[in-house]
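Taking our numbering, I'd label the letters of the sequence shown as residues 36 to 361. Ideal Cβ positions, reconstructed from N, Cα and C, are used throughout, including at glycine.
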Amino acid sequence: MRTSLKKKAGDRNVERTRRKRRRRVRWGRVFFALLFLFMIVGGIYSYFQYKQGLSMASDGKFADDGTTFEQFQGSLPNNGEVNMLLLGSDSRGEKHSRTDSILIAHYDSKSKHPKIVSLMRDMYVDIPGHGKQKLNAAYAFGGPELLRKTIKQNFDIDINYYAVVDFEGFSKIVDTIAPDGIEVTVPHDMSSGIGMTLHKGTQVLHGEQLLGYVRFRHDNMSDFGRVQRQQEVVLKLKDEVASLNSVFKIPKLLGVMDPYIDTNLDTKSMMLLAKDVVTGNMKDVQSLRLPLDGSFENKTYSGVGMVLDIDLDKNKEALQEFLNDK
């Protein structure tokens, strides 16, 4: 009798164990089914967002992915530190255009410290194979690669990657990142050379207006004021990208940017940088402008025009210390 009762109790325990296992199996199947469905929906969403962005930018300068410049020979990043050339181009149909904006974006993936260095385009420097010229002439002569060599020769800084942004697509990129606009304080009325009038005061600017804001240089600050505004807008756009809503805009943003940006940045590096931005791990951006105040003279040279004749040693030392946290 006792044996029979034990056997029945044992059978009931076995049955309960089987039911629990079946329940675990079912819930496991439900979880993986939902995960698979989420991946499919996310993939479809990303695809159509990318296509929507691409359709907004189908006439971009770099839509054909072609290039007429020497292949970029930047070294691979060292110890998690990346130096990237950020160049703003406005060819207006010219075959060999100079670049309006020259920045070095530095990022240390260990310390999470981003830094931006603005290089004034009129600095008088040695360009390999071309003698003394304005810095931005290097891009006109040989594109990102010759500009990389020029920076290496004059400032002893290794550049790993480059990105050339066509100003024609700047407004579309900005409107995708910040559809509600970017708030800035316009110091005075701006109109000359930008095809619009921006009035003095604090206001919210959208793509085309913001492009005019960062390109204006017809005042007593000239290129120095323009570089200051460029750094301001880059920092504000970085904050917009870091916002939670921007995570869902990334596929569309990539589609918009694709025809307007020529870059050799690989997908893995791009995703690592994007991860730190959108997760908020990236620290506040530090900035520097070269030449330093008091380290240059305004001069005019035959065949070159007005330049910033710099104290190269002083500016080279400042750049090295800034990037190496000294």
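Three or more beta-carbon pairs separated by less than 8 Å are not found between the region 221–238 and the region 148–159, which leaves the two stretches without contact.
Burial state of residue 178 is buried, judged by a 10 Å Cβ sphere holding 16 or more other Cβ atoms. For residue 189, the number of other beta carbons within 10 angstroms of its own is at least 16, and it is reported as buried.
Of the candidates 210, 148, 337 and 107, 148 places its Cα closest to the Cα of residue 322. For the 8 Å CB-CB criterion, residue 225 and residue 242 do not form a contact. Along the length of the region 209–257, whole alpha helix (DSSP H) runs at least 4 residues long occupy 242–250, reported in chain order. In the DSSP assignment, the residues bridged to residue 331 are 345. Straight through space, the alpha carbons of residue 354 and residue 244 are spaced by roughly 32 Å. Distance from residue 265 to residue 110 at the Cβ level is roughly 26 Å; contact not present, criterion being Cβ atoms closer than 8 Å. Taking 8 Å as the cut-off, the beta carbon of residue 252 is found closer than this to the beta carbon of residue 258.
The Cβ neighbour count for residue 350, taken over all protein chains shown within 10 Å, is at least 16; the residue is labelled buried. Taking the Cβ atoms as the reference, residue 220 lies roughly 5 Å from residue 237, within the contact range of under 8 Å.
Looking at 329, 296 and 359, the one whose alpha-carbon comes closest to that of residue 204 is 296.
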